[in-house]
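K.L.:
FYI, the working numbering numbers position 26 of the sequence shown as 83, with every residue one higher than the one before it. Ideal Cβ positions, reconstructed from N, Cα and C, are used throughout, including at glycine. Starting off with a structure, shown below.
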Amino acid sequence: MLVLTRKKGESIMLGHDIEITVVAIEGEQIKLGINAPKHIDIHRKEIYIAIQEENKLAAKQNLSIDLLNAFAELENKNKMN
């Protein structure tokens with residue numbers, strides 16, 4: 058992990074097109090401003106983790122639906138034979 062020290066108003070760059078600026082420092086909290094292209098998703102980590110968990114659940118549900126559909130197709134084929 059790279060650790061940097063920045064003061065209010067100072068920035069760091071990620072690549073060529075993402076800039077993170079220290080906007081405010083209030084006690085133990087800092088406020089960051091992030092300039093990035095619109096196609097870059099930006100989330101707090103706890104939100105990112107929640108999204109990943111939801112995606113895993115959705116993928117499992119889709120897999121279950123796909124399996125049920127496959128079994129239904131097999132059953133229909135067996136009835137025809």
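(1) For residue 83, list the residues DSSP reports as bridge partners.
(2) Tell me the DSSP bridge mates of residue 75?
(3) For a test of the three-state rule: what should DSSP assign to residue 122, helix, strand or coil?
(4) Measure from the alpha carbon of residue 94 to the alpha carbon of each residue in 105, 76, 108, then state which is nearest.
(5) Do you know how far the Cα of residue 101 is from the Cα of residue 111?
(6) Of the choices 69, 107, 73, 137, whose alpha-carbon is the least far from that of residue 89?
P.N.:
So, from the listed chains and residues:
(1) 86
(2) 71
(3) helix
(4) 76
(5) 16 Å
(6) 69
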